[in-house]
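Just so you know, the sequence shown maps onto residues 1 to 280 in UniProt numbering. Beta carbons: idealized from backbone N, C-alpha and C, even for Gly. Read the structure below first, then the notes.
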Amino acid sequence: MSEQQNLLAEQRRALIVDEVRRRGGVRVNELTRRLGVSDMTVRRDLDALARQGVLEKVHGGAVPVVEASTHEPGFEAKSGLELSAKEDIARTAASLVAPGSALALSGGTTTYALARHLLDVPDLTVVTNSVRVADVFHAAQSGGERRAGAATVVLTGGVRTPSDSLVGPVADQAIGSLHFDVLFLGVHGLSPDAGLSTPNLAEAETNRRLVQSARRVVVVADHTKWGTVGLSSFATLEQVDTWVTDGGLPTEVRSEITERVQRLLVVGEYEPGEDPGADN
(Lines of atoms letter the chains of each structure in order from A and count residues from 1; the text may use other names and numbers.)
(Lines give C-alpha, C1' and ligand atoms only; values in the text may rest on other atoms or scores of the structure.)
Protein backbone atom coordinates (compact mmCIF):
# COMPACT_ATOMS: atom_id res chain seq x y z
CA MET A 1 0.00 0.00 0.00
CA SER A 2 1.39 3.44 -0.94
CA GLU A 3 2.11 6.22 1.55
CA GLN A 4 -0.78 8.24 0.06
CA GLN A 5 -3.19 5.32 0.49
CA ASN A 6 -2.06 4.93 4.11
CA LEU A 7 -2.67 8.61 4.75
CA LEU A 8 -6.13 8.43 3.19
CA ALA A 9 -6.99 5.41 5.33
CA GLU A 10 -5.78 7.26 8.43
CA GLN A 11 -7.89 10.31 7.55
CA ARG A 12 -10.98 8.17 6.89
CA ARG A 13 -10.61 6.34 10.17
CA ALA A 14 -10.13 9.56 12.12
CA LEU A 15 -13.37 10.87 10.59
CA ILE A 16 -15.17 7.63 11.45
CA VAL A 17 -14.03 7.77 15.09
CA ASP A 18 -15.09 11.43 15.37
CA GLU A 19 -18.49 10.64 13.87
CA VAL A 20 -19.07 7.68 16.20
CA ARG A 21 -18.12 9.71 19.28
CA ARG A 22 -20.14 12.76 18.23
CA ARG A 23 -23.33 10.93 17.24
CA GLY A 24 -23.12 7.89 19.50
CA GLY A 25 -23.06 5.51 16.53
CA VAL A 26 -23.05 5.36 12.73
CA ARG A 27 -24.29 3.02 10.02
CA VAL A 28 -22.12 1.61 7.24
CA ASN A 29 -24.33 3.06 4.47
CA GLU A 30 -24.05 6.54 6.04
CA LEU A 31 -20.27 6.29 6.05
CA THR A 32 -20.06 5.09 2.44
CA ARG A 33 -22.06 8.15 1.31
CA ARG A 34 -20.10 10.60 3.44
CA LEU A 35 -16.63 9.22 2.65
CA GLY A 36 -17.28 8.33 -0.98
CA VAL A 37 -15.83 4.82 -0.65
CA SER A 38 -17.16 1.30 -1.02
CA ASP A 39 -19.06 -0.69 1.57
CA MET A 40 -16.10 -3.10 1.76
CA THR A 41 -13.64 -0.27 2.48
CA VAL A 42 -15.79 1.04 5.33
CA ARG A 43 -16.11 -2.43 6.82
CA ARG A 44 -12.32 -2.90 6.68
CA ASP A 45 -11.89 0.45 8.43
CA LEU A 46 -14.37 -0.57 11.13
CA ASP A 47 -12.57 -3.89 11.58
CA ALA A 48 -9.24 -2.08 12.03
CA LEU A 49 -10.70 0.43 14.50
CA ALA A 50 -12.43 -2.33 16.45
CA ARG A 51 -9.10 -4.20 16.76
CA GLN A 52 -7.55 -1.00 18.16
CA GLY A 53 -10.34 -0.87 20.71
CA VAL A 54 -11.64 2.61 19.82
CA LEU A 55 -15.11 1.53 18.70
CA GLU A 56 -17.35 -1.53 18.73
CA LYS A 57 -18.76 -3.07 15.57
CA VAL A 58 -22.47 -3.83 15.62
CA HIS A 59 -24.82 -5.11 12.94
CA GLY A 60 -24.79 -2.54 10.14
CA GLY A 61 -22.44 -0.06 11.77
CA ALA A 62 -20.45 0.89 14.86
CA VAL A 63 -20.93 2.42 18.32
CA PRO A 64 -18.51 3.90 20.88
CA VAL A 65 -16.68 1.60 23.26
CA VAL A 66 -17.88 2.09 26.80
CA GLU A 67 -14.62 1.96 28.73
CA ALA A 68 -14.15 1.65 32.46
CA SER A 69 -12.23 4.53 34.01
CA THR A 70 -9.47 2.01 34.80
CA HIS A 71 -9.03 0.89 31.17
CA GLU A 72 -5.53 1.73 29.94
CA PRO A 73 -4.84 1.15 26.22
CA GLY A 74 -1.36 -0.04 25.31
CA PHE A 75 1.14 2.11 23.40
CA GLU A 76 0.59 0.28 20.10
CA ALA A 77 -3.19 0.65 20.34
CA LYS A 78 -2.89 4.40 20.84
CA SER A 79 -0.11 4.98 18.33
CA GLY A 80 -2.40 4.38 15.35
CA LEU A 81 -4.93 7.05 16.35
CA GLU A 82 -5.02 10.69 15.21
CA LEU A 83 -1.60 10.39 13.56
CA SER A 84 -1.80 13.60 11.54
CA ALA A 85 -3.03 15.59 14.53
CA LYS A 86 -0.24 14.23 16.73
CA GLU A 87 2.41 15.16 14.17
CA ASP A 88 1.02 18.69 13.84
CA ILE A 89 0.87 19.07 17.62
CA ALA A 90 4.41 17.72 18.02
CA ARG A 91 5.82 20.04 15.36
CA THR A 92 4.14 23.06 16.93
CA ALA A 93 5.21 22.11 20.46
CA ALA A 94 8.82 21.66 19.32
CA SER A 95 8.84 25.21 17.94
CA LEU A 96 8.33 26.47 21.51
CA VAL A 97 11.56 24.93 22.78
CA ALA A 98 14.63 27.13 23.20
CA PRO A 99 18.13 25.64 22.80
CA GLY A 100 19.73 24.77 26.11
CA SER A 101 16.44 24.15 27.93
CA ALA A 102 15.87 21.56 30.62
CA LEU A 103 12.79 19.62 29.58
CA ALA A 104 10.66 16.83 30.97
CA LEU A 105 8.67 14.61 28.63
CA SER A 106 6.03 12.30 30.05
CA GLY A 107 4.94 9.06 28.46
CA GLY A 108 2.51 8.96 25.56
CA THR A 109 2.29 8.70 21.80
CA THR A 110 2.20 12.48 21.29
CA THR A 111 5.30 13.09 23.41
CA TYR A 112 6.91 10.27 21.43
CA ALA A 113 6.17 12.20 18.23
CA LEU A 114 7.48 15.38 19.89
CA ALA A 115 10.78 13.69 20.77
CA ARG A 116 11.55 13.17 17.08
CA HIS A 117 11.03 16.86 16.40
CA LEU A 118 13.39 17.82 19.24
CA LEU A 119 16.41 15.98 17.84
CA ASP A 120 17.71 19.06 16.05
CA VAL A 121 17.28 21.47 18.98
CA PRO A 122 20.78 21.85 20.43
CA ASP A 123 21.99 21.41 24.00
CA LEU A 124 18.79 20.11 25.55
CA THR A 125 18.63 18.23 28.82
CA VAL A 126 15.69 15.84 28.59
CA VAL A 127 14.31 13.93 31.56
CA THR A 128 11.68 11.35 30.71
CA ASN A 129 9.84 8.44 32.25
CA SER A 130 8.99 7.13 28.78
CA VAL A 131 11.01 4.22 27.43
CA ARG A 132 9.83 5.07 23.91
CA VAL A 133 10.91 8.73 24.18
CA ALA A 134 14.36 7.73 25.49
CA ASP A 135 14.73 5.27 22.60
CA VAL A 136 14.17 8.08 20.06
CA PHE A 137 17.18 10.00 21.37
CA HIS A 138 19.27 6.86 21.86
CA ALA A 139 18.68 5.72 18.27
CA ALA A 140 19.66 9.14 16.94
CA GLN A 141 22.90 9.18 18.94
CA SER A 142 24.01 5.58 18.52
CA GLY A 143 26.45 4.26 16.00
CA GLY A 144 29.15 6.90 16.29
CA GLU A 145 30.62 9.71 18.31
CA ARG A 146 28.26 11.93 20.20
CA ARG A 147 27.62 14.98 18.00
CA ALA A 148 28.01 18.50 19.32
CA GLY A 149 24.79 19.85 20.79
CA ALA A 150 23.17 16.43 21.17
CA ALA A 151 20.66 16.16 23.98
CA THR A 152 21.57 14.80 27.38
CA VAL A 153 18.84 12.29 28.20
CA VAL A 154 17.93 10.99 31.66
CA LEU A 155 15.52 8.04 31.86
CA THR A 156 13.92 7.60 35.26
CA GLY A 157 13.61 4.15 36.75
CA GLY A 158 10.31 2.66 37.75
CA VAL A 159 7.69 0.06 36.92
CA ARG A 160 6.63 -0.15 33.29
CA THR A 161 2.99 0.56 32.39
CA PRO A 162 1.03 -0.68 29.32
CA SER A 163 1.83 2.67 27.65
CA ASP A 164 5.59 2.10 28.23
CA SER A 165 5.93 4.75 30.94
CA LEU A 166 7.99 4.19 34.09
CA VAL A 167 6.08 4.98 37.27
CA GLY A 168 6.12 4.30 40.98
CA PRO A 169 8.35 5.30 43.94
CA VAL A 170 11.65 5.08 42.05
CA ALA A 171 10.42 7.39 39.29
CA ASP A 172 8.73 9.70 41.80
CA GLN A 173 11.90 10.11 43.86
CA ALA A 174 14.05 10.85 40.81
CA ILE A 175 11.61 13.42 39.44
CA GLY A 176 11.01 15.08 42.82
CA SER A 177 14.65 16.14 43.12
CA LEU A 178 14.76 17.87 39.72
CA HIS A 179 13.57 21.18 38.28
CA PHE A 180 12.47 21.65 34.66
CA ASP A 181 12.02 24.73 32.51
CA VAL A 182 9.14 23.07 30.68
CA LEU A 183 7.17 19.86 31.08
CA PHE A 184 5.55 18.44 27.94
CA LEU A 185 2.75 16.26 29.20
CA GLY A 186 0.69 13.69 27.37
CA VAL A 187 -2.63 12.86 28.99
CA HIS A 188 -5.30 10.17 28.90
CA GLY A 189 -8.04 12.77 29.27
CA LEU A 190 -8.99 16.34 30.17
CA SER A 191 -12.36 17.50 31.45
CA PRO A 192 -13.81 20.53 33.29
CA ASP A 193 -14.49 18.65 36.52
CA ALA A 194 -11.76 15.98 36.61
CA GLY A 195 -8.98 18.11 35.12
CA LEU A 196 -6.11 15.94 33.86
CA SER A 197 -6.56 12.24 34.55
CA THR A 198 -5.19 8.77 33.90
CA PRO A 199 -6.53 5.24 34.45
CA ASN A 200 -3.28 4.25 36.22
CA LEU A 201 -3.01 5.21 39.90
CA ALA A 202 0.79 4.99 40.00
CA GLU A 203 1.11 7.03 36.82
CA ALA A 204 -1.13 9.70 38.35
CA GLU A 205 1.33 10.17 41.22
CA THR A 206 4.32 10.26 38.86
CA ASN A 207 2.58 12.83 36.65
CA ARG A 208 1.76 14.84 39.77
CA ARG A 209 5.49 14.97 40.60
CA LEU A 210 6.29 16.04 37.05
CA VAL A 211 3.82 18.92 37.25
CA GLN A 212 5.18 20.03 40.62
CA SER A 213 8.77 20.04 39.33
CA ALA A 214 8.11 22.14 36.22
CA ARG A 215 8.19 25.90 35.89
CA ARG A 216 5.85 25.65 32.92
CA VAL A 217 3.39 22.88 31.97
CA VAL A 218 2.52 22.30 28.30
CA VAL A 219 -0.08 19.64 27.56
CA VAL A 220 0.20 18.01 24.14
CA ALA A 221 -3.07 16.24 23.39
CA ASP A 222 -5.40 15.96 20.42
CA HIS A 223 -9.05 16.99 20.57
CA THR A 224 -10.34 13.49 21.31
CA LYS A 225 -8.88 13.70 24.84
CA TRP A 226 -11.35 16.45 25.82
CA GLY A 227 -14.17 15.01 27.92
CA THR A 228 -12.32 11.76 28.68
CA VAL A 229 -11.98 10.91 32.39
CA GLY A 230 -9.61 8.32 33.86
CA LEU A 231 -9.68 6.81 37.33
CA SER A 232 -7.31 9.29 38.97
CA SER A 233 -6.91 13.05 38.55
CA PHE A 234 -3.41 14.47 38.94
CA ALA A 235 -3.72 18.16 37.98
CA THR A 236 -6.34 20.83 37.45
CA LEU A 237 -6.84 22.71 34.21
CA GLU A 238 -5.63 25.83 36.01
CA GLN A 239 -2.19 24.22 36.43
CA VAL A 240 -1.78 24.02 32.65
CA ASP A 241 0.11 26.93 31.11
CA THR A 242 -0.48 25.89 27.50
CA TRP A 243 -2.55 23.19 25.83
CA VAL A 244 -1.35 22.44 22.29
CA THR A 245 -4.12 20.70 20.37
CA ASP A 246 -5.55 20.34 16.86
CA GLY A 247 -8.37 22.04 14.99
CA GLY A 248 -10.80 19.23 15.72
CA LEU A 249 -11.50 20.72 19.14
CA PRO A 250 -15.10 21.98 18.93
CA THR A 251 -15.42 25.76 18.75
CA GLU A 252 -18.18 25.76 21.35
CA VAL A 253 -15.90 24.38 24.10
CA ARG A 254 -12.87 26.57 23.43
CA SER A 255 -14.13 29.51 25.48
CA GLU A 256 -14.79 27.18 28.40
CA ILE A 257 -11.24 25.87 28.17
CA THR A 258 -9.59 29.29 27.91
CA GLU A 259 -11.32 30.33 31.12
CA ARG A 260 -9.35 27.61 32.91
CA VAL A 261 -6.17 26.99 30.88
CA GLN A 262 -3.84 29.97 30.57
CA ARG A 263 -3.40 29.50 26.82
CA LEU A 264 -5.09 27.27 24.27
CA LEU A 265 -2.85 26.83 21.25
CA VAL A 266 -4.60 25.29 18.23
CA VAL A 267 -2.12 24.22 15.56
CA GLY A 268 -2.29 26.39 12.48
CA GLU A 269 -3.95 29.25 14.37
CA TYR A 270 -0.91 31.08 15.79
CA GLU A 271 2.20 32.80 14.48
CA PRO A 272 5.26 30.50 14.63
CA GLY A 273 7.39 33.22 16.23
CA GLU A 274 4.99 33.61 19.13
CA ASP A 275 5.80 32.00 22.50
CA PRO A 276 2.42 31.08 23.97
CA GLY A 277 3.97 30.20 27.30
CA ALA A 278 5.58 33.58 27.84
CA ASP A 279 4.15 36.01 30.32
CA ASN A 280 1.93 38.74 28.93
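Query, Result
"Is it buried or exposed, P192, if we count other Cβ atoms within 10 angstroms and call 16 or more buried?", "exposed"
"Report yes if the CB atom of G176 is closer than 8 Å to the CB atom of V220, and no otherwise.", "no"
"For E256, which of helix, strand or coil comes out of DSSP?", "helix"
"Looking at the strands, I want to know which residues DSSP matches up with G61.", "R27, V58"
"Measuring alpha carbon to alpha carbon, tell me which of L124, G100, E203, R147 ends up nearest S130.", "E203"
"DSSP three-state call for T245: helix, strand or coil?", "strand"
"Check for me: the beta strand (DSSP E) holding L103 runs from which residue to which?", "102–105"
"Do T109 and I89 come within 8 Å of each other at the CB atom, strictly closer than that value?", "no"
"Exposed or buried, A113, counting other C-beta atoms within 10 Å across all chains shown (16 or more means buried)?", "buried"
"Which of the three DSSP states is assigned to A235 in this structure?", "strand"
"Counting only runs of 3+ residues fully inside the region 168–232, write out the beta strand (DSSP E) ranges in chain order.", "182–185, 189–191, 195–198, 217–220"
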